[in-house]
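Notes follow the structure.
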Amino acid sequence: MNRFSASKWVAVPALLAASALAYEVAPVSGGGRIEGKVSFQGPVPVKKIIPTKDKDICGGPRDEPQIRVGADKGVQDAVVYLKAVSKGKAWGVVDKTPVLDQERCIFKPSVQVVRPGKIDIRNSDPILHNTHGFYGQRTAFNLAMPDKGMKITSELPRVGLVRVECDAHGWMLAHIHVADSPYYALTGSDGSFSITDVPPGTYTLVAAQNYTGDNEMQVTVKGGETTKLTIELKKK
Ligand SMILES: [Cu+2]
């Protein structure tokens, strides 16, 4: 028992340190800016949702778009980020803990980007949700939430993509991207994004969306200039 607790004590801070210390905040002088638009051409893929229980809360069968395509083919809620930036601007001020709510058996928001740390999981429904987050195959949190208004604060110490499911309602799905640096953006309803104060250099930029997967490209940022990008997501 003692050996198990001891190793646990060692392992957890090491994990936190690895994710939290990898990125170094340093003043950026003469940074550049990346702005652009993410789009998806072609027909919008649809998934059939057929609730099998709690239908008074969860609703009936419906078609849900697998990718949120708006005006001019712009993609909302794509996550755009620069890969493996080791040094740069400060993280934004966190004025409150990020939230993942469950309302009418839908995760809200369905996509978000957070920095490593706490997240509040909420249940706004008067039914049981069993909220289960995964880093790949590995469980990040697994929470039985039977009551309306319930809130549980969980911890996402590791960088990476967390897929959230509900073990009670198989169609519920959300994604939380735990960022390794503040060089990320979530696209707006027209697909637009911007990433500011980027130290000059060449980067791998990733545009991530659940249906299409990750689309990567090289981008070069020059000091004091804006690099404009048009990114067309293609299914991998
Ligand atoms: Cu549920």
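In this note's numbering, the protein residues as written are 2 to 237.
Each residue gets a CB set at the ideal place from its N, CA and C atoms; glycine is no exception.
From a predicted model like this one, the values you see are computed outputs, not experimental measurements.
Distance, isoleucine 107 Cα to phenylalanine 194 Cα
Looking up residue 194 in the sequence shown gives position 193. Looking up residue 107 in the sequence shown gives position 106. About 25 Å.
Using 8 Å as the cut-off, can you tell me whether the stretch 43-63 makes contact with the stretch 94-110, which would need three or more C-beta pairs spanning the two stretches below that distance?
Touching, yes.
Residue environment, aspartate 64, which counts as buried when at least 16 other CB atoms sit within 10 Å:
Position 63 of the sequence shown holds residue 64. Exposed.
Where DSSP assigns a beta bridge to proline 66, which residues make up the other side?
As a first step, residue 66 must be located in the sequence shown, where it is residue number 65. Beta-bridge pairing links proline 66 to Val47.
Can we say the stretch 195-202 touches the stretch 65-75, given the rule of at least three CB pairs closer than 8 Å?
Output reads no: the stretch 65-75 does not touch the stretch 195-202.
Taking the C-alpha atoms as reference points, what is the distance between alanine 15 and valine 47?
Locating residue 15 in the sequence shown gives position 14, counting from the first residue. Locating residue 47 in the sequence shown gives position 46, counting from the first residue. Reliability fails at alanine 15, whose pLDDT of 44 lies under 50, so the model's placement of it is uncertain and no value is given.
Less than 7 Å separating the Cβ of glutamine 103 from some heavy atom of ligand 1?
The residue you call residue 103 lines up with position 102 of the sequence shown. For ligand 1, at least one heavy atom lies less than 7 Å from the Cβ of glutamine 103.
Are there any heavy atoms of ligand 1 lying less than 7 Å away from the beta-carbon of alanine 169, as far as the coordinates show?
The sequence position of residue 169 within the sequence shown is 168, counting from 1. Indeed, a heavy atom of ligand 1 lies less than 7 Å from the Cβ.
With DSSP as the reference, identify every bridge partner of isoleucine 120, one or two as the case may be.
Residue numbering aside, residue 120 sits at position 119 when the sequence shown is read from its first letter. According to the DSSP secondary-structure assignment, isoleucine 120 is paired through a beta bridge with Ser155.
Lysine 109 lies in the beta strand (DSSP E); which residues open and close that run?
Against the sequence shown, residue 109 aligns to sequence position 108. Looking at the DSSP string, the run of the beta strand (DSSP E) that includes lysine 109 is 107-109.
May I ask whether a heavy atom of ligand 1 can be found less than 7 Å away from the beta carbon of histidine 1?
There is simply no residue 1 to check, as the chain begins at 2 and stops at 237 in what is shown.
Use the C-beta contact count for asparagine 216: other C-beta atoms within 10 angstroms, 16 or more gives buried, fewer gives exposed.
Within the sequence shown, the letter at position 215 stands for residue 216. A residue is called buried when at least 16 other Cβ atoms come within 10 angstroms of its Cβ; asparagine 216 meets this threshold and is buried.
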